[in-house]
Amino acid sequence: MKADGPRRPYARSFRRGMRLGGMSAVFAAVGMLVAGHATADTFVPLPDGHEVAPEATIRRTAEHAVVSPSMAANGAGRVVWVSGTVTADVVQTPSVERPGPYSTPENWPGTNNSSTHGTSQVSTGYIVGCQVSIGDSAISAGLSGNVSTNGAGLSGSAGLKIGPGEVEFVRVGFKDILRPGVYSLGYRDFEIEIQGCGGYAQARAYTVVEIIGEHYSKTTLYGAPFSIG
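Right, here's the structure in full:
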């Protein structure tokens, strides 16, 4: 019947609209994928580790990092959130009722071969380098040489400005060891923001157990190095 004829232009317009709408939806989806890729977080699983000494055994478990571009979007910044659990099983240390007068991290480094001056201690943090491979050569500078005081505790954050060839030590947290026993430090999503590094950056966990007393010792456990962009 010819009565259907006048409706065909509307049908063509409808189909054309459907095609254009579908293309817009595809472009929108691609745009979201591109934007998502540009700002995507990178999850970095890290292996467990342990170090055994006569006075203490150190273990690090459940460590991982999440790397993101910096909100500054200047090409020289990035952010990493680190998580993990550190355990120190101490079998020998002088028992004390309270920490000594110079056992706070603000007074590091100490003298007389002691960083704590009053009690044994376990501390943990991260070594961060710009265009430097965090290996033995970078670590040989010593943990007491370049420790950032920006760390705000186990649930805090730290901001660094480092250039090519520079290395910083960021402390995440510490505990005084008042007597033999098991001491644990757990941290989740501790934020480290890096600015000023136009090249690649790398980080690596460290944990130090320092035992004072007649038989002084310092034991260090290093984590696996990982890229932060």
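Here the sequence shown stands for residues -40 to -1, 1 to 189, numbered as in mature numbering (1 follows the signal peptide of the UniProt record, and there is no 0).
Backbone N, C-alpha and C fix where the C-beta goes; we use that ideal spot for every residue, glycine too.
Small disclaimer: the values here were computed from a predicted structure and weren't measured.
Between Ser28 and Thr53 a beta carbon distance of about 40 Å is seen, past the 8 Å cut, so the two are scored as non-contacting.
Annotated as proximal: Ile152 and Ala118, with beta-carbon spacing under 7 Å. For His10, the uninterrupted beta strand (DSSP E) run begins and ends at Gly9 to Val12, by DSSP.
Annotation: Ala(-1) to Ile188 spans about 13 Å, alpha carbon to alpha carbon. Cβ atoms of Gly44 and Tyr147 come within 8 Å of each other, at about 6 Å. Across the set Ser144, Thr17 and Ala25, the C-alpha of Ala25 shows the shortest separation from the C-alpha of Phe186. Contact check for Trp41 and Phe150: beta-carbon distance about 7 Å, within the 8 Å limit, so the pair qualifies. Under a 10 Å Cβ-count criterion, Arg139 is classified as exposed, with fewer than 16 other Cβ atoms of the shown protein chains found around its own Cβ. Pairwise C-beta distances place the stretch 156 to 175 in contact with the stretch 11 to 19, as three or more of them are shorter than 8 Å.
Residue pairing by DSSP places His24 opposite Pro5 and Ser43 in a beta bridge. Counting other Cβ atoms within 10 Å of its Cβ, Tyr166 reaches 16 or more and is therefore classed as buried. Look at Cys157 here: in three-state DSSP terms it is coil, with no helix or strand label. Boundaries of the beta strand (DSSP E) harbouring Leu181: Ser177 to Tyr182, taken from the DSSP string. Sixteen is the threshold: when 16 or more other Cβ atoms of the shown chains lie within 10 Å of the Cβ of Val92, as they do, the residue is buried. By the beta-carbon neighbour count (other beta carbons within 10 angstroms, threshold 16), Glu23 is buried.
Listed in chain order, the non-local C-beta contacts of Lys121 below 7 Å within the same chain comprise Gln155 and Gly156, local neighbours out to five positions each way being set aside. For Ala(-1), DSSP records no beta bridge to any residue. Ala161 is positioned such that its CB atom lies no closer than 7 Å to that of Tyr86. Per the C-alpha coordinates, the member of Val50, Ser83 and Cys90 positioned closest to Pro124 is Cys90. Around His10, the same chain offers Arg19 as residues with beta carbons nearer than 6 Å, after the five sequence neighbours per side are excluded.
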